[in-house]
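Reading through the structure tokens given below for one structure.
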Amino acid sequence: MKIKPEFNRKSRQAFAADFFIRLAEWYRSKARVLPWRTEIHPYRTWISEVMLQQTQVVTVLPYFQRWMSAFPSVEQLAQSEVRRVEQLWAGLGYYSRARNIHRSAQEIVKFGRWPQNVTEWRALPGIGPYTAGAIASIALNQPEPIVDGNVARVFSRISNIPQHQANQPETWNMAKSYVEQAYLEGIEPRIANQALMELGATVCMPKQALCQDCPVKDYCQGQNRWRELPEPKKRPETVSVEEARFVIQKENTVFLVQNGVQEWRAGLWDFPKAPDVEIALEEFKGYKPLIPPWIQKSVVTRHKISTHVLQIDLGEKKIPVKVGENQLTVFGTGYLGKFFTTTDLPAIASPTRKIITRIMNQEPSLLGI
Ligand code: SF4
459 MKIKPEFNRK SRQAFAADFF IRLAEWYRSK ARVLPWRTEI HPYRTWISEV
509 MLQQTQVVTV LPYFQRWMSA FPSVEQLAQS EVRRVEQLWA GLGYYSRARN
559 IHRSAQEIVK FGRWPQNVTE WRALPGIGPY TAGAIASIAL NQPEPIVDGN
609 VARVFSRISN IPQHQANQPE TWNMAKSYVE QAYLEGIEPR IANQALMELG
659 ATVCMPKQAL CQDCPVKDYC QGQNRWRELP EPKKRPETVS VEEARFVIQK
709 ENTVFLVQNG VQEWRAGLWD FPKAPDVEIA LEEFKGYKPL IPPWIQKSVV
759 TRHKISTHVL QIDLGEKKIP VKVGENQLTV FGTGYLGKFF TTTDLPAIAS
809 PTRKIITRIM NQEPSLLGI
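If you want the numbering used here, it's the 1-based position in the sequence shown plus 458.
Here you go:
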């Protein structure tokens with residue numbers, strides 16, 4: 459029977475050399491060709507890594523290409539309006555990431571040079587240990603650790619330790635030891651780290667481990683029980699949220715209000731809430747609801763949201779509002795807001811986008827036909 463070496467045995471030098479060489483060779487020959495890999499630069503690594511957080515590569519690809527066409531340099535990004543940045547981000551979720559990228563770009567331009575290491579990257583808004591480690595190791599080729607879900611899973615299976623999770627110090631220590639050891643063996647940090655991530659993404663996958671194709675199967679302690687590794691994280695309980703919203707339509711525009719900083723989905727634009735449906739409908743008498751209220755269901759992180767949608771089509775009538783050229787207060791809702799064309803929307807929450815998409819997809823019942 460073949461005895462497999464462990465990560466932390468004293469014979470690690472011999473083990474490490476072969477382990478790292480196999481993994482690096484596999485990466486060089488099998489890794490997916492991706493636009494942020496073919497042309498390496500801190501800007502491209504940074505943007506791709508933020509986009510890839512909780513989003514699949516196949517989804518990110520068109521976003522990345524559009525972003526690089528719109529903002530080919532950090533200077534152009536810094537000079538752009540945040541609204542334009544949010545528009546290019548629309549659909550990736552978590553708009554705060556886009557706003558942080560924009561703020562960071564302005565700081566980088568003001569500073570006059572790119573951050574040179576993990577510490578400098580982490581000083582920028584929204585850059586945590588993962589993103590900083592990714593940029594330092596991939597773009598700057600420095601032996602810095604990175605741990606995402608893929609890396610944690612591979613570590614757990616290779617070492618046969620169920621508790622490896624992406625947010626645990628032990629996993630980060632292992633990642634540090636891994637990249638430093640690889641560096642000593644002559645493997646570039648950008649290759650070592652990306653090889654591990656690629657292995658987790660394409661071979662040692664969450665619900666399928668292709669052990670026969672794995673370049674390091676001879677070193678894997680947990681391949682016979684990979685389905686149990688790592689042990690699943692305890693999920694927080696889901697919270698059910700019921701809300702009612704007005705969709706005030708006029709030709710090809712919808713009326714949206716911006717959430718305050720203290721509110722849920724802060725800074726995003728949303729349909730006005732209907733604080734009291736009866737009273738609010740009273741304000742719209744003569745503007746009969748298009749159709750009976752309907753429900754849109756959405757899930758946002760651990761929130762299960764049921765939105766009762768009250769559609770009102772203004773047609774040729776004027777909205778019952780107070781004051782303002784572009785800013786209107788809708789009677790009954792108490793909100794300031796604006797009309798937006800559906801092709802030029804600001805940053806909106808995903809439940810709001812779903813409602814607009816359903817209506818614009820011309821579902822006859824939702825158009826009141
Ligand atoms: S041998 Fe199987 S379980 Fe082990 S790292 Fe490779 S793919 Fe994962």
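We put the CB at the ideal spot given by N, CA and C, even for glycine.
Between which residues of its own chain and residue i is the CB-CB distance below 6 Å, once the five residues before and five after are set aside?
i: W579; result: P573, I585, A590, I593
i: E507; result: T589, A592
i: W752; result: V767
i: G782; result: With a pLDDT of 46 at G782, under the threshold of 50, the modelled position of that residue is not reliable, and the figure given next carries that caveat. Once the five neighbours on either side are set aside, G782 has no close Cβ partner at all.
i: R486; result: none
Nearest by alpha-carbon distance to residue i: which of the options is it?
i: H560; options: F477, A536, A640, K812; result: A536
i: A624; options: I806, Q511, W484, S698; result: Q511
i: T489; options: V661, Y636, V605; result: It should be noted that the sequence gives Ala, not Thr, for residue 489. A489 has its Cα closest to that of V661, out of V661, Y636, V605.
i: I817; options: I806, V767, L668; result: V767
i: M663; options: Y677, E643, D676, W684; result: W684
i: Y521; options: D476, L550, I498; result: L550
i: K708; options: P627, W504, A732, K796; result: K796
i: V705; options: I505, T810, Y677; result: T810
i: L598; options: R541, R502, L772, V612; result: R502
i: W525; options: D802, W722, Q626, I505; result: I505
i: R615; options: L803, V637, L687; result: L687
i: P587; options: R571, P627, F613; result: P627
i: R480; options: K634, N819, K675, E700; result: K675
i: E700; options: A732, K692, Y677, P694; result: A732
Pull up the CB-CB distance for residue i and residue j, whole angstroms please, since I reckon it's below 8 Å.
i: F798; j: L726; result: Wrong, their Cβ atoms sit about 13 Å apart, outside the cutoff.
i: I596; j: Q652; result: 6 Å
i: A650; j: A482; result: 7 Å
i: R703; j: P730; result: 7 Å
i: P673; j: W484; result: 4 Å
i: N717; j: D728; result: 6 Å
i: Q754; j: K812; result: 6 Å
i: V712; j: I814; result: 6 Å
i: K762; j: S698; result: 5 Å
Going by other Cβ atoms of all chains shown within 10 Å of its Cβ, with 16 needed for buried, is residue i buried or exposed?
i: V757; result: exposed
i: G658; result: buried
i: V516; result: exposed
i: T765; result: buried
i: N784; result: Note that N784 scores 48 on pLDDT, short of 50, meaning its location in the model is unreliable and no value can be drawn from it.
i: A581; result: exposed
i: A724; result: exposed
i: S527; result: exposed
i: T800; result: exposed
i: S562; result: buried
i: P750; result: exposed
i: F569; result: exposed
i: L642; result: exposed
i: Q514; result: exposed
i: L668; result: exposed
i: F478; result: buried
i: R611; result: buried
i: Q639; result: buried
Taking 6 Å as the cut-off, is the CB of residue i close to at least one heavy atom of the ligand SAH?
i: W484; result: Among the ligands present in this structure, namely the ligand SF4, the ligand SAH is not found.
Taking 8 Å as the limit between beta carbons, can you name the residues of its chain near residue i, skipping five residues before and five after?
i: L519; result: L492, P493
i: Q600; result: N575, V576, A594, P647
i: Q523; result: P493
i: K665; result: none
i: Y553; result: E544, W547, G725, L726, A805
i: E497; result: none
i: E695; result: R760
Go through its chain and collect everything with a Cβ distance to residue i's Cβ below 7 Å, but skip five positions before and after it.
i: N608; result: M655, G658, A659
i: E689; result: P620, Q621
i: N558; result: P583, G584
i: A556; result: V543, E544, W547
i: M509; result: V518, Y521, F522, L550
i: W630; result: P603, V605
i: R541; result: P804
i: V532; result: Y501, A563, I566, V567
i: H499; result: A597
i: I645; result: F478, A482
i: S635; result: none
i: F529; result: L535, S538
Runs of alpha helix (DSSP H) wholly within the segment 459-540 (minimum 4 residues, chain order)
For the alpha helix (DSSP H) assignment, the uninterrupted runs of no fewer than 4 residues enclosed by the segment 459-540 are, from N- to C-terminal side, 470-488, 493-496, 500-510, 515-528, 532-537.
Residue ranges of each beta strand (DSSP E) within the segment 696-727, 3 or longer
697-708, 711-716
Counting only runs of 4+ residues fully inside the segment 640-692, write out the alpha helix (DSSP H) ranges in chain order.
647-660
For the segment 534-612, list the beta strand (DSSP E) runs that are entirely contained and at least 3 residues long, ordered along the chain.
none
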